[in-house]
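Student:
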């Protein structure tokens, strides 16, 4: 005996979600059908309206419901001339939560990974190049993650900005808050050493 | 800064799913929007067709796409007179996989739990009582889980079948296959002791 086709299709569809295997998908399908049909209808509607209503901002490529996202529409952010390059929309949120940055963003929606077919075009780097050559950017802050792909992407963008007036900076790497020195991986510790700061003694 | 309303609603909708917290919901929403819009559309459609196309079998209360589910439509199963009472549709599947049982089922879609507002009516026990008094059932096999709610439900159903011709049986409880005796909880071990079988010596 198998599940009926409609239930099987629902279970298979849940398996699309990240971190959801066959057992979890089955639990999700049954719980929605047994106990929460209102929730199931709400999820279906949210998916559909998100798919039809969400596009990418024409300036920063972040998800937006208008052509230009709220961040790119703020005059003070645009006039700061600072552009922070991040890999994903969640990174934007994390940086906004620090309260330390008041410029605008450029969201790559991924990282360079030629083997997976992700090249400069997929990351919208032609759009960034236009903005660089138009002289709209005074400082380009690279906030790509410290990984092979992240470093390759940062290197590529640094190279793009070479012949423009934009200064390029990168987030400091080192020991995280609350980090226990003995438990930190050697690459991070290496970065922390090479980026060490002298303390002014008075 | 917050997510745009459509993204926030999508994230909140994912939080409805069992075992999905705020971070997982965010990851699900972003991954579908960034990398798998086809998958998102498929999930939305699967939810909607499941909600509109799946009803409960009028005989066994299991999920079905017709009035009578395929199991209850099999003449040999109905004629066996055996009815296995289970809590959820997944239990039906698990029992079918054993290949040891060839009767039909009765799916409670829950267990008695007065504090949560789940009484005999919510479990369709009036329907089971009808089938019992109509003399359609020769053996009622209780396969409710060994828990307080499961035992209470089994006790209630046993009481219901008292004045009918149906015999009532319950799944054997004891040491599971591959179970390490020292790691088994004391209740299970107690059941295994009281249910011990003498080995015929020849």
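Chains as they are written, first to last, in our numbering: chain A, 1 to 202; chain B, 1 to 202. A virtual CB, placed ideally from N, CA and C, is assigned to each residue, including glycine.
1) Which residues in chain A sit within 9 Å of residue 89 of chain B, going by Cβ to Cβ distance?
2) With contact counted as at least three CB pairs below 8 Å, one residue from each stretch, are the segment 82-93 of chain B and the segment 131-144 of chain B in contact?
3) Please confirm whether residue 121 of chain A has its beta-carbon closer than 8 Å to some beta-carbon of chain B.
4) According to DSSP, what are the bridge partners of residue 56 of chain A?
5) May I ask you to list the residues that DSSP assigns as paired with residue 141 of chain B?
6) Please decide whether residue 14 of chain A counts as near chain B, where near means a Cβ-Cβ distance under 8 Å.
7) For residue 104 of chain A, name the three-state secondary structure that DSSP assigns.
8) If you reduce the DSSP assignment to three classes, tell me which class residue 92 of chain B lands in.
9) Taking DSSP's pairing of strands, which residues face residue 113 of chain A in a bridge?
10) Evaluate the contact criterion for the segment 64-82 of chain A versus the segment 71-81 of chain B: three or more CB pairs, one atom per stretch, below 8 Å.
11) To the nearest angstrom, how far is the alpha carbon of residue 191 of chain B from that of residue 27 of chain A?
12) Determine, using beta carbons only, whether residue 160 of chain A comes closer than 8 Å to chain B.
13) May I ask whether a heavy atom of the ligand ATP can be found less than 7 Å away from the beta carbon of residue 192 of chain A?
14) Which two residues bound the contiguous alpha helix (DSSP H) that contains residue 176 of chain A?
15) Within a Cβ cutoff of 7 Å, which residues of the same chain sit near residue 66 of chain A, ignoring the five residues on either side of it in sequence?
16) Just how far apart, CA to CA, sit residue 113 of chain A and residue 92 of chain A?
17) So with CB distances below 7 Å, who are the chain B contacts of residue 153 of chain A?
18) Just mark residue 109 of chain B as buried or exposed, buried being the case when its beta carbon has 16 or more other beta carbons within 10 Å.
19) Quick one: measure Cβ to Cβ for residue 39 of chain B and residue 16 of chain A, integer angstroms, because I've assumed they're closer than 8 Å.
20) Look at the alpha carbon of residue 19 of chain B and the alpha carbon of residue 51 of chain B, and state the distance between them as a whole number of angstroms.
21) Who are the neighbours of residue 106 of chain B on chain A, taking C-beta pairs under 8 Å?
22) Does residue 166 of chain B come within less than 8 Å of chain A when only Cβ atoms are used?
23) With a cut-off of 8 Å, does the C-beta of residue 109 of chain A fall near any C-beta of chain B?
24) Helix, strand or coil for residue 22 of chain B? Go by DSSP, reduced to three states.
25) Return no unless some Cβ of chain B is closer than 8 Å to the Cβ of residue 114 of chain A.
26) Just the Cα atoms here: how many angstroms apart are residue 126 of chain A and residue 34 of chain B?
27) Between the alpha carbons of residue 140 of chain B and residue 24 of chain A, how many angstroms are there, rounded?
28) Can you have a look at residue 30 of chain A and say buried or exposed, based on whether 16 or more other CB atoms are within 10 angstroms of its CB?
Tutor: Quick look at the numbers:
1) Taking the first residue of the second chain as position 1, residue 89 of chain B is located at position 89. What residue 89 of chain B touches in chain A: 3, 7, 30, 33 and 34.
2) As far as the Cβ criterion goes, the segment 82-93 of chain B touches the segment 131-144 of chain B, which means the pair count is three or higher.
3) As a working note, residue 121 of chain A is residue 121 in the first chain. Output row for residue 121 of chain A: interface = no.
4) What you label residue 56 of chain A is simply residue 56 of the first chain in a count that begins at 1. By DSSP's assignment, residue 56 of chain A forms a beta bridge with A:63.
5) Within the second chain, numbered from 1, the residue matching residue 141 of chain B stands at position 141. In the DSSP output, where bridge partners are listed per residue, residue 141 of chain B has B:84 and B:169.
6) Taking the first chain and counting its residues from 1, the one referred to as residue 14 of chain A is at position 14. At least one chain B Cβ lies under 8 Å of residue 14 of chain A.
7) Locating residue 104 of chain A in the first chain gives position 104, counting from the first residue. Of the three classes helix, strand and coil, the one that applies to residue 104 of chain A here is strand, per DSSP.
8) For the purposes of this step, residue 92 of chain B is taken as the residue at position 92 of the second chain. Helix, per DSSP.
9) Taking the first chain and counting its residues from 1, the one referred to as residue 113 of chain A is at position 113. Beta-bridge partners assigned by DSSP to residue 113 of chain A: A:118.
10) With the rule of 3 Cβ pairs closer than 8 Å, the segment 64-82 of chain A does not count as touching the segment 71-81 of chain B.
11) For this step, residue 191 of chain B is matched to residue 191 along the second chain. For this step, residue 27 of chain A is matched to residue 27 along the first chain. The straight-line gap from Cα to Cα measures roughly 29 Å.
12) Within the first chain, the letter at position 160 stands for residue 160 of chain A. No Cβ of chain B is located within less than 8 Å of the beta carbon of residue 160 of chain A.
13) Questions concerning the ligand ATP fall outside what the structure shown contains, since it holds no ligand whatsoever.
14) On the first chain, residue 176 of chain A is found 176 positions in, with the first residue counted as 1. Looking at the DSSP string, residue 176 of chain A is not in any alpha helix (DSSP H), and its letter there is neither H nor E.
15) Position 66 of the first chain, counted from the start, is the residue given in the question as residue 66 of chain A. No residues qualify anywhere along the chain.
16) Position 113 of the first chain holds residue 113 of chain A. Position 92 of the first chain holds residue 92 of chain A. Cα to Cα, the separation comes out at about 21 Å.
17) As a first step, residue 153 of chain A must be located in the first chain, where it is residue number 153. Those within 7 Å of residue 153 of chain A in chain B number zero; the least Cβ separation is about 16 Å.
18) Reading the second chain from its first residue, position 109 is the one you call residue 109 of chain B. Residue 109 of chain B is buried by the Cβ-count criterion.
19) Walking along the second chain from the start, residue 39 of chain B turns up at place 39. Walking along the first chain from the start, residue 16 of chain A turns up at place 16. Right, the Cβ-Cβ distance comes to about 4 Å (below 8 Å), so this counts as a contact.
20) Within the second chain, numbered from 1, the residue matching residue 19 of chain B stands at position 19. Within the second chain, numbered from 1, the residue matching residue 51 of chain B stands at position 51. In a straight line, the C-alpha of residue 19 of chain B is about 21 Å away from that of residue 51 of chain B.
21) In the second chain, the residue the question calls residue 106 of chain B occupies position 106. In chain order: nothing, as chain A lies at least about 15 Å away.
22) The residue given as residue 166 of chain B occupies position 166 in the second chain. Chain A contact via Cβ: absent.
23) Against the first chain, residue 109 of chain A aligns to sequence position 109. By this cut-off, residue 109 of chain A is an interface position.
24) In the second chain, residue 22 of chain B corresponds to position 22, counting from 1. If DSSP states are grouped into helix, strand and coil, residue 22 of chain B belongs with the helices.
25) If you number the first chain from 1, residue 114 of chain A lands on position 114. It does not; no Cβ of chain B falls within 8 Å.
26) For the purposes of this step, residue 126 of chain A is taken as residue 126 along the first chain, with counting starting at 1. For the purposes of this step, residue 34 of chain B is taken as residue 34 along the second chain, with counting starting at 1. The C-alpha of residue 126 of chain A lies about 19 Å from the C-alpha of residue 34 of chain B.
27) Position 140 of the second chain, counting from 1, holds the residue named residue 140 of chain B. Position 24 of the first chain, counting from 1, holds the residue named residue 24 of chain A. Distance between the alpha carbons of residue 140 of chain B and residue 24 of chain A: 31 Å.
28) The residue labelled residue 30 of chain A in the question sits at position 30 within the first chain. Per the 10 Å Cβ criterion, buried.
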